[in-house]
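Residue numbers (full-length UniProt numbering): 1 to 272.
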């Protein structure tokens with residue numbers, strides 16, 4: 001992976017949030033590529049329960065200050081950055097007071113999904129892409145983890161389809177068993193349509209369940225990774241029908257070599 005540019009977009013990353021399958025993979029995969037001489041950037045939301053002082057987050061003024069339009073409202077984009085100790089890995093945080101100041105991640109103290117998680121997902125996807133544009137950093141691969149990040153493939157292939165910076169970028173999405181009950185706000189599809197994204201591209205999201213979100217991510221990804229030993233049967237069937245390169249689930253011991261081979265041969269092509 002030497003000199004390859006890989007952008008990691010995740011809903012959660014260790015050490016900023018507790019260890020889960022997603023947060024661990026979102027740290028281990030970049031670390032592996034970093035050790036192989038690849039260039040990496042990691043993006044995640046700046047949830048209010050992340051301790052800014054302890055993790056030494058600071059705002060990047062030159063990247064902050066633009067407004068993203070979400071459902072006809074101007075929402076200011078704030079970018080913060082921190083370094084993972086001992087790894088020389090930079091993590092960029094997408095922030096906005098309205099969406100991410102609350103002292104929680106995706107659910108309230110009763111475990112109920114926040115009613116604006118749909119808008120937070122749209123804001124996160126657009127915020128990552130706008131920031132990468134400002135960095136003028138063209139990734140070879142964009143690797144997506146977690147359902148809050150799952151709209152990024154759709155937005156990149158639809159809303160940002162004419163953005164030259166991403167012309168050569170390949171999108172890889174990891175599918176996990178870390179889901180949620182019920183659905184997000186059922187008006188989500190209209191909020192995405194507000195961005196002139198064709199109705200046909202998001203008809204799956206009329207009922208915005210976990211499986212629906214991941215199906216849209218699968219539709220707009222170039223390759224896929226099974227990140228959990230068991231994933232929902234509905235998604236497993238959908239994956240197999242997608243006719244795209246798939247890296248089946250690998251244990252931690254097997255992951256490194258399989259991941260590198262998959263990226264080099266199946267995603268970038270063996271000539272790379």
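For each residue, glycine too, the CB sits at the ideal point set by N, CA and C.
Annotation for residue 122: the continuous alpha helix (DSSP H) segment containing it runs 117-135.
Within the DSSP bridge table, the entry for residue 74 names 69 as partners.
Cβ-Cβ separation between residue 6 and residue 40: approximately 5 Å, consistent with a contact (criterion under 8 Å). Judged by pairs of C-beta atoms under 8 Å, the stretch 243-251 touches the stretch 207-227, as three or more such pairs exist. Distance from the CA of residue 110 to the CA of residue 31, rounded to the nearest whole angstrom, comes to 34 Å.
Rounded to the nearest whole angstrom, the CA to CA distance from residue 16 to residue 204 is 32 Å. In this structure, residue 129 lies near residue 155, with their beta-carbon atoms less than 8 Å apart. In this model, residue 33 and residue 214 are separated by some 25 Å (Cα to Cα). Taking 8 Å as the cut-off, the Cβ atoms of residue 127 and residue 77 count as close. CA-to-CA, the gap between residue 21 and residue 11 works out to about 12 Å.
Considering only 70, 152, 145 and 141, the residue with the shortest C-alpha distance to residue 168 is 141. Within the stretch 180-213, the runs of alpha helix (DSSP H) at least 4 residues long that lie entirely inside it are, in chain order, 188-193. Listed as beta-bridge partners of residue 39 by DSSP are 5.
Distances from the alpha-carbon of residue 79 to those of 89, 73, 87 and 100 put 100 closest. Here the alpha carbons of residue 71 and residue 194 stand approximately 6 Å from one another. If you look at residue 97, you'll find it in the alpha helix (DSSP H) that goes 97-100. In the structure shown, the three-state DSSP call for residue 87 is coil. Residues 74, 75, 76 and 77 of the same chain have their beta carbon placed closer than 8 Å to that of residue 67, with the five preceding and five following residues left out of the count. In the structure shown, the three-state DSSP call for residue 93 is strand. For residue 224, the enclosing beta strand (DSSP E) begins and ends at 223-226. Counting every other CB atom within 10 Å of its CB across the protein chains shown gives residue 131 a total of 16 or more, marking it as buried. Take the alpha-carbon of residue 251 and the one of residue 181: they are about 27 Å apart. When rounded, the separation of the alpha-carbon atoms in residue 174 and residue 65 is 31 Å.
One thing to note: residue 46 has its Cβ no nearer than 8 Å to the Cβ of residue 97.
Taking 8 Å as the upper bound for CB-CB distance, residue 208 and residue 108 are not in contact here, some 18 Å apart. Residue state for residue 59 is assigned as strand, using DSSP reduced to three classes.
For the 8 Å CB-CB criterion, residue 120 and residue 48 do not form a contact.
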